[in-house]
Each structure stands twice: as structure tokens, then as C-alpha cells.
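Trainee: Per the working numbering: the sequence shown = residues 235 to 386. Got a structure here, written out as C-alpha cells. Questions coming.
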Amino acid sequence: NALINFASASPMKTENDLISYGRRQNMKIANVSFQFQEVKDITCDLPDGISEDGIEELALQCGTEEFSVEGSTIVFTVPREDEKSFFEEAKALGLSVTCVDTRWQAVDMMEIPEASWKSVALFIDQLEHIDGFEKIFHNAENIEEIQAGSYR
Numbered sequence: 235n236a237l238i239n240f241a242s243a244s245p246m247k248t249e250n251d252l253i254s255y256g257r258r259q260n261m262k263i264a265n266v267s268f269q270f271q272e273v274k275d276i277t278c279d280l281p282d283g284i285s286e287d288g289i290e291e292l293a294l295q296c297g298t299e300e301f302s303v304e305g306s307t308i309v310f311t312v313p314r315e316d317e318k319s320f321f322e323e324a325k326a327l328g329l330s331v332t333c334v335d336t337r338w339q340a341v342d343m344m345e346i347p348e349a350s351w352k353s354v355a356l357f358i359d360q361l362e363h364i365d366g367f368e369k370i371f372h373n374a375e376n377i378e379e380i381q382a383g384s385y386r
């Protein structure tokens, strides 16, 4: 058993495509679910001389606990619906926004047992080759281990 979630501009079409594809591959797909949220990765210049505690406080003031420091920049991750309030707070704090990227993030992550790695990796590989599927998102916590496994 594996749980694979998809982000799509057309959920109904995607669900039908997946069920049809599964049937052609002799796979039983009981349900296709969409359990992802759109998030924004907002990159800002890091204020000079700020401490680690100061960085955490800055993130909290901007309304997020999810951030990473990359060199002289800080990347805040905020749900799409909180983007406007983030920008208002960042402006009030004098932060310089240099980049905004959009991605989909799983709501609930799942550890895939090693016994299922081969099936999950092959399934994801096959999905990536279906016309009309631009990007496959998943909720596997250990996808790097799965894809690096000796399933090939």
C-alpha cells in the first residue's frame, strides 16, 4: 500500500487519469486525494549582525516558524493565504524581499517502509512520464532513500 498525493490545476481530470493509468498497469487505486497546500518561499536579505535568537524572533514577528538561513539571506516559508500579512510585517520590519517562489507542501508526511520502496519509486518514475503531468509531489518523508535504493 502506498499513499501518493498530487497537486493539480484540474483535480477531477487528474483523478480520472490516475485511475485509468493504474488500471492499465494492473494497479488498484482506491482513492486519489489532494492533501497539499500552496506555500510561498520568500527570500529576504538577512539583517547585518543578527543573532540566531534574533533570526527566530524575526521569523515569529513575520508570522512563521518555518525558515532557513542560506548565506546572507533568510528564506521564510508561509502558506499562500498568509502571504499578504507576511509582506506587511516584513515591510514594517524593513526587510528587503529578493525572491518569492511557489511550491506545494504535503499537509501530512508519511514514512514509507523499506519493503515498499521499490514499488513507490517505480510508481513515481512512471507517473513522471505521463503526458500532462508536469510535476509530481508526494508526502514521502524518506524519498531520497527510496530513490537511491537498489530498485533499478
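Note that beta-carbon positions come from the ideal geometry of N, C-alpha and C, so glycine has one too. Fair warning: this is a prediction, and the values are worked out from it, not measured in the lab.
1. Looking at the structure shown, is Glu304 part of a helix, part of a strand, or coil, going by DSSP?
2. In angstroms, rounded to a whole number, what distance separates the CA positions of Gly305 and Leu280?
3. What first and last residue would you give for the alpha helix (DSSP H) that runs through Val273?
4. Report buried or exposed for Arg386, applying the criterion of at least 16 other Cβ atoms within 10 angstroms of its Cβ.
5. Measure how close the beta-carbons of Thr298 and Thr311 come, nearest whole angstrom, since I'm counting them as under 8 angstroms.
6. Once you ignore the five residues that flank Phe320 on each side, which residues in its own chain have a CB closer than 8 angstroms to its CB?
7. Is Ile380 closer than 8 angstroms to Phe338 when the C-beta atoms are compared?
8. Could you have a look at Val354 and say whether DSSP puts it in helix, strand or coil?
9. Buried or exposed, going by whether 16 or more other CB atoms sit within 10 Å of the CB of Asn239?
10. Under the three-state reduction of DSSP, which class applies to Asp282: helix, strand or coil?
11. Relative to the C-alpha of Glu315, which candidate in Thr336, Gly328, Phe301 and Val303 has its C-alpha closest?
Mentor: According to the structure data:
1. strand
2. 9 angstroms
3. Premise fails: Val273 lies in the beta strand (DSSP E), Phe270 to Asp279, not in any alpha helix (DSSP H).
4. Low local confidence applies: a pLDDT of 45 at Arg386 is under 50, so the model's placement there is unreliable, with the coordinate-based value given in what follows. That one is exposed.
5. 6 angstroms
6. Excluding residues within five positions, the ones whose Cβ falls inside 8 angstroms are Lys274, Ile276, Cys296, Gly297, Thr298, Phe310 and Val312.
7. Note that residue 338 corresponds to Trp in the displayed sequence, not to Phe. Cβ distance not < 8 angstroms, so Trp338 and Ile380 don't count as in contact.
8. Residue state, collapsed to three classes: helix.
9. Low confidence applies here, because Asn239 scores a pLDDT of 47, under 50, leaving its location unreliable; read the following figure in that light. Label assigned to Asn239: buried.
10. Per DSSP, reduced to three states, the secondary structure at Asp282 is coil, with no helix or strand assignment.
11. Thr336
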